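What follows is one structure encoded as structure tokens, with my remarks underneath.
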Amino acid sequence: MYTSRQAKAALKKIVWKEGKIFPIAEGPYRYRTLVHCSKEGRQRTEFANGERPYFCYLELVAGNSGAIKGGVSIVPILPDGRLIMVVEQRPAQYHHHPAINPWINGIETDLGQYGPFSSLEFPGGAIDPGQGLKGAFLQELSEETEVEEQTALCYRRVHPVHCAGSEIVGEQFIAVIFLSGLTHASKVETDGGLKVFALSPKEVQKNIWRGAISSGPTLHGWMFYQEVLGMRENLQHQELMEQTMSYVEMEEINIAKQK
């Protein structure tokens with residue numbers, strides 16, 4: 001393990017310069033630690049040219065070592081109003097890891113049968129280096145739910161959410177997608193195998209209140225879904241859309257099978 005002492009020893013060999021950003025360590029999976037030289041930095045240590053302030057944060061890394069700058073979270077809505085969710089396996093790093101069984105289709109469901117670290121979430125994932133935002137939404141939706149080919153109406157939150165605060169580079173973009181087809185997979189092989197469910201809005205809200213859903217991107221997606229629903233139910237929907245152009249964008253999209 002790269003200790004704090006070793007990291008500080010390495011910084012002593014580097015010349016501090018305002019605005020300079022450089023990697024100091026890289027993990028075995030996909031995390032890289034960066035140092036950002038800044039007079040506004042929250043930490044201070046010895047560099048080659050004296051004690052200086054700096055920021056330190058994590059960056060997500062793709063398989064080709066390119067930086068992953070953000071991710072997407074999708075709230076897929078079926079024509080009957082149900083919301084598609086997936087069961088992800090998350091590292092057991094949280095003291096209060098979700099241990100409450102969610103209600104799915106009127107039944108209390110033990111997610112432990114799908115893995116010990118199961119988390120009920122909306123589909124989503126990283127934006128690959130060089131990938132456009134729309135492409136990322138379509139890719140994650142198709143890979144994690146295998147919805148049929150169809151046209152859909154997409155409401156996208158223009159401004160990203162910084163889910164992880166200041167410690168991890170990454171912006172989360174959220175979209176609510178109203179599907180025209182009802183078909184989706186019950187299980188996909190993506191990410192080691194994901195179980196796919198469709199929940200009613202009441203079930204999603206109940207599971208949030210009970211603590212069975214606690215994923216940050218999922219909670220942000222649920223909030224945005226409620227905002228979009230309010231817009232669509234408003235009699236002045238078109239006028240409201242024009243007023244919120246800097247906040248939400250609406251677009252008809254075509255969902256095709258991923259090659």
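In the UniProt record's numbering, the protein residues as written are 1 to 259. Note that CB positions come from ideal geometry on N, CA and C, so glycine has one too. This one's a predicted model, so the numbers in the text were calculated from it and none came from an experiment.
A check of alpha carbon separations from Met245 across His159, Gly41, Leu83 and Asp110 identifies His159 as the nearest. Pro91 and Pro116 have their C-alpha atoms roughly 10 Å apart. Cβ contact annotation for Ala185 (same chain, cutoff 7 Å, sequence separation greater than five): Thr145, Glu146 and Val196, in chain order. According to DSSP, residue pairing for His36 in a beta bridge involves Ile21 and Phe55.
In this structure the segment 116-135 lies against the segment 213-225, because at least three pairs of beta carbons, one per stretch, are closer than 8 Å. Trp222 counts as buried, since at least 16 other C-beta atoms from the protein chains shown sit within 10 angstroms of its C-beta.
Residue environment: Trp16 is assigned as buried (16 or more neighbouring CB atoms within 10 Å of its CB, all protein chains considered). Tyr247 is classed as exposed because its beta carbon has fewer than 16 other beta carbons within 10 Å across all chains shown. Minimum Cα-Cα distance from Gly130 among the listed residues Ile84, Ile107, Ala62 and Glu167 corresponds to Ala62. Residue burial is scored here from C-beta neighbours: Arg42 has fewer than 16 other C-beta atoms within 10 angstroms and is therefore classed as exposed.
The C-beta distance from Glu148 to Thr190 rounds to 17 Å, too long to fall under 8 Å, and the pair is not in contact. One Cα belongs to Ala198, the other to Gly66, and the distance between them is close to 34 Å. In its chain, beyond the 5 residues on either side, Glu18 and Pro53 have a beta carbon closer than 7 Å to the beta carbon of Lys39. Straight through space, the alpha carbons of Gly50 and Gly135 are spaced by roughly 46 Å.
Excluding sequence positions up to five before and after Lys206, its CB lies within less than 7 Å of the CB of Trp103, all in the same chain and listed in chain order.
Restricted to the segment 60-89, the beta strand (DSSP E) segments that are unbroken, complete and at least 3 residues in length are 70-77 and 83-89, listed in chain order. Counting only runs of 3 or more residues that sit fully inside the UniProt domain "Nudix hydrolase" (102-204), the beta strand (DSSP E) segments are 118-121, 124-126, 150-157, 171-179 and 194-199, in chain order.
In this structure Gln238 is exposed. Its beta-carbon is surrounded by fewer than 16 other beta-carbon atoms within 10 angstroms.
In the three-state reduction of the DSSP assignment, Gln43 falls in the strand class, which pools E and B.
For Val248, the uninterrupted beta strand (DSSP E) run begins and ends at Val248 to Ile255, by DSSP.
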